[in-house]
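Number 768 in the numbering used here belongs to position 489 of the sequence shown; there are no gaps in the numbering.
Even glycine gets a Cβ: it sits at the ideal position worked out from N, Cα and C.
These numbers were taken from a predicted model, which means no experiment stands behind them.
Input: a single structure, listed below in structure tokens.
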Amino acid sequence: MPTKKTSKSPDAQKVEYIAIKVTAGILLHIGAGIYNSVAGAIKELVSNSFDADAEAVIISTNYPHFDEIKVSDNGIGMSSSRLRQAMQTIGSSLKGVATEGRISEMFSRPIVGHLGIGLMALSQVCSKAKIESQEIESDVKFVAELDFSEFKQREQEQIEVAKLEIFRDMNGGIDKMKEKLLDPSLDDDERAELDDAIKLAKDAEKLLNSKTDTLGEHLGHCMIYPALPAILGEHGTVITLSQIDKGVRDTLRDVGRTSDVLPKKYDDKDNAWDDYRDEINTWSWTELIQRLNRKTSNLSFESLPKYHQFLWELAAMTPINYVESGPVSVDKSILKAKKQQLEEFKFSLVVDNQTLLKPILLPSGSVAEFNSLEKELDYVIRKIDFDDIIDGEALEYHGYLYWQREQNHPSKVRGLRIFIRNVGIGLYDDSLMNFKNVNPTSRAGQISGEIYVDQGLERALSVDRNSFKDTDAHYKRLEQHVWRLLGSTKQGDGILGNSVDSYVQRKERSDGLKKIAHHNELKSRVEQMTNNLVKIDISEKENDSPYKTKANRITVYENSPAWPRSGEEKYLFQKIIVSLRAALLAGATAEELLDKLEELLLKSKK
Numbered sequence: 280m281p282t283k284k285t286s287k288s289p290d291a292q293k294v295e296y297i298a299i300k301v302t303a304g305i306l307l308h309i310g311a312g313i314y315n316s317v318a319g320a321i322k323e324l325v326s327n328s329f330d331a332d333a334e335a336v337i338i339s340t341n342y343p344h345f346d347e348i349k350v351s352d353n354g355i356g357m358s359s360s361r362l363r364q365a366m367q368t369i370g371s372s373l374k375g376v377a378t379e380g381r382i383s384e385m386f387s388r389p390i391v392g393h394l395g396i397g398l399m400a401l402s403q404v405c406s407k408a409k410i411e412s413q414e415i416e417s418d419v420k421f422v423a424e425l426d427f428s429e430f431k432q433r434e435q436e437q438i439e440v441a442k443l444e445i446f447r448d449m450n451g452g453i454d455k456m457k458e459k460l461l462d463p464s465l466d467d468d469e470r471a472e473l474d475d476a477i478k479l480a481k482d483a484e485k486l487l488n489s490k491t492d493t494l495g496e497h498l499g500h501c502m503i504y505p506a507l508p509a510i511l512g513e514h515g516t517v518i519t520l521s522q523i524d525k526g527v528r529d530t531l532r533d534v535g536r537t538s539d540v541l542p543k544k545y546d547d548k549d550n551a552w553d554d555y556r557d558e559i560n561t562w563s564w565t566e567l568i569q570r571l572n573r574k575t576s577n578l579s580f581e582s583l584p585k586y587h588q589f590l591w592e593l594a595a596m597t598p599i600n601y602v603e604s605g606p607v608s609v610d611k612s613i614l615k616a617k618k619q620q621l622e623e624f625k626f627s628l629v630v631d632n633q634t635l636l637k638p639i640l641l642p643s644g645s646v647a648e649f650n651s652l653e654k655e656l657d658y659v660i661r662k663i664d665f666d667d668i669i670d671g672e673a674l675e676y677h678g679y680l681y682w683q684r685e686q687n688h689p690s691k692v693r694g695l696r697i698f699i700r701n702v703g704i705g706l707y708d709d710s711l712m713n714f715k716n717v718n719p720t721s722r723a724g725q726i727s728g729e730i731y732v733d734q735g736l737e738r739a740l741s742v743d744r745n746s747f748k749d750t751d752a753h754y755k756r757l758e759q760h761v762w763r764l765l766g767s768t769k770q771g772d773g774i775l776g777n778s779v780d781s782y783v784q785r786k787e788r789s790d791g792l793k794k795i796a797h798h799n800e801l802k803s804r805v806e807q808m809t810n811n812l813v814k815i816d817i818s819e820k821e822n823d824s825p826y827k828t829k830a831n832r833i834t835v836y837e838n839s840p841a842w843p844r845s846g847e848e849k850y851l852f853q854k855i856i857v858s859l860r861a862a863l864l865a866g867a868t869a870e871e872l873l874d875k876l877e878e879l880l881l882k883s884k885k
């Protein structure tokens, strides 16, 4: 925070040491690298700022060195007691500590919560963090220093305990697994696998029950200066990450990455990735998104510098506004209410002086470059709205599923994205909630969707806050809804059925145009070969004979079973047989007929 005139504080030198206590469940997920992207960890800090009614979050990565990351906001700030409580209850409740009704006071934002888990996510980015926060109209502010060194040196036993706890929770506990075992549809392999799972769950119960420290392990410490002089008129929070992990720095600097995917002009450069990163930084954020959106730009997500991948992922996860015309430009009503709500939140995210917007822009690829697109033929949209009581609790969500007739671009928008309280849970799920009726390498890539959950589903949220427990009743209900909308590859059955319909319609249209072109060519050829002595009629009537002649006129029965079924073969046969028959009617000699046959065959071969 900037240095300004401060108020007096009698306790400015007071220092508190708080042990960071983490439950086994959160320990495993953080220790195993659930926030394996920098964006996944920084997203948690942005969510905290969103909860604090900040209008702006400003992030500095100290580009291009990435040796310090600073996240600043102008929110309501927090008290040292709030931080103290969060540090000692990390992972003990996925609900977090939130205001009553879970709505922020200034902008009526749904509270995300999970302050402690968010701060612990930083352990995957750095070894130390400094927090400076001042509440509105407060006479004091606090500064806290977090040290994650103990966390980074945890013992293997802690990990094993955590693994067992997560395993037990993910499978619904022993009783739930025993219920599944009664299912008569289980085959022998499934039954044996479930027996093994029950045995392991029992081992987990014994080990977990032997632990007396229910609040978890001491993994680091937090030093708090709770009563420093406040800066008059200021409020908000600044979090500075230092001693950034080498792996994080190297990742953001593209250390060790091959330059084969870069434009040719960078082939022989020693600092190819540095120069390429600098070039992309000259583009506006909207220009970058548009280039990723269009197939002809030769820019893919995978070829982006890791720094720009970080920016894209962070923008996709956080509750900021969409780029103009996003998410789906061909239907302005899609997420209209949600877009309006995001605007009313008045929340912006700036990273290294670049204002980010949610980077979803469909249609994409070469489809996006068409002057006009036909609904149900080039794209399909299905709106999603649900509001009901499931398993005794409210479940309410809305969103859309989108399909287009070629793969979506960039690859990161392929699949389904779920938001809880406006924050993305992981990135896009290209399995479409484990949907079994789609090949992930084909039609799944043509589907994209976003679902915003307003109530419910939080109990299905895994402790990592990047995935879901797929046995939860709310999750299963959403899964069924999505699967029903997806349908199957049977014509007319859901989005996938529509994709088949689209293929059939486009083929029929293409075949129709080919048919017209063929008939025109056939008529023109006959007229030229016979000096207009012979005319051709095309009949759609069914007839056993492929054609009939009368005087100097030939009637071709297009749908006669005598013609080959293949369109290409049928057109070739018609060119040869009808042309020769017309020439014969016009009085051609045998030699002339052979010449014409030779011409037709050789031309067809070409």
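Nearest candidate by alpha-carbon position, reference residue i, set the options
i           : options            : result
residue 766 : 703, 548, 809, 722 : 722
residue 664 : 543, 756, 831      : 756
residue 296 : 870, 573, 505      : 505
residue 640 : 797, 601, 843, 578 : 601
residue 409 : 516, 396, 462, 467 : 516
residue 407 : 328, 459, 521      : 521
residue 727 : 607, 852, 671, 418 : 607
residue 890 : 874, 820, 334      : Residue coverage of the chain in this structure runs from 280 to 885, which leaves residue 890 outside it and unanswerable.
residue 621 : 630, 705, 605      : 605
residue 578 : 860, 349, 543, 868 : 543
residue 846 : 735, 790, 677      : 790
residue 387 : 332, 730, 738      : 332
residue 405 : 475, 316, 474, 382 : 316
residue 642 : 651, 636, 635      : 651
residue 761 : 853, 672, 714      : 714
residue 753 : 769, 732, 556      : 732
residue 390 : 699, 788, 603      : 699
residue 829 : 838, 816, 821      : 816
residue 470 : 456, 782, 632      : 456
Start and end residues, alpha helix (DSSP H) containing residue i
i           : result
residue 800 : 773-808
residue 858 : 846-864
residue 661 : Segment 658-669 is the beta strand (DSSP E) holding residue 661; no alpha helix (DSSP H) there.
residue 555 : 551-560
residue 754 : 752-765
residue 330 : 317-330
Strand pairing of residue i, partner residues [DSSP]
i           : result
residue 339 : 349
residue 520 : 348, 408
residue 298 : 500
residue 708 : 695
residue 389 : 382
residue 728 : 680, 695
residue 478 : Answer by DSSP bridge pairing: none, since residue 478 is not bridged.
residue 508 : 419
residue 413 : 515
residue 473 : Answer by DSSP bridge pairing: none, since residue 473 is not bridged.
Extent of the continuous beta strand (DSSP E) to which residue i belongs
i           : result
residue 677 : 672-683
residue 421 : 419-426
residue 814 : 814-818
residue 698 : 694-699
residue 355 : Premise fails: residue 355 is in no beta strand (DSSP E) and is neither H nor E.
residue 543 : Per DSSP, residue 543 belongs to no beta strand (DSSP E) and is neither H nor E.
residue 530 : Residue 530 -> not in any beta strand (DSSP E); alpha helix (DSSP H) instead, spanning 525-531.
residue 835 : 832-836
residue 829 : 826-829
Residue i vs residue j beta-carbon contact at 9 Å
i           : j           : result
residue 573 : residue 645 : yes
residue 299 : residue 366 : yes
residue 553 : residue 343 : yes
residue 329 : residue 701 : yes
residue 657 : residue 683 : yes
residue 323 : residue 401 : yes
residue 886 : residue 412 : Residue numbering for the chain in the displayed model covers 280 to 885; residue 886 lies beyond these limits and cannot be assessed.
residue 613 : residue 568 : no
residue 353 : residue 514 : yes
residue 862 : residue 872 : yes
residue 823 : residue 796 : no
residue 362 : residue 421 : yes
residue 778 : residue 725 : yes
residue 337 : residue 519 : no
residue 667 : residue 675 : yes
residue 276 : residue 692 : The shown model of the chain, from 280 to 885, leaves out residue 276, and the question about it has no answer.
* Asked: Considering only residues of the region 570-653, which uninterrupted alpha helix (DSSP H) runs meet the minimum length of 4 residues and lie entirely inside it, listed in chain order?
  -> Those alpha helix (DSSP H) runs which fall completely within the region 570-653 and span 4+ residues are 585-596, 615-624.
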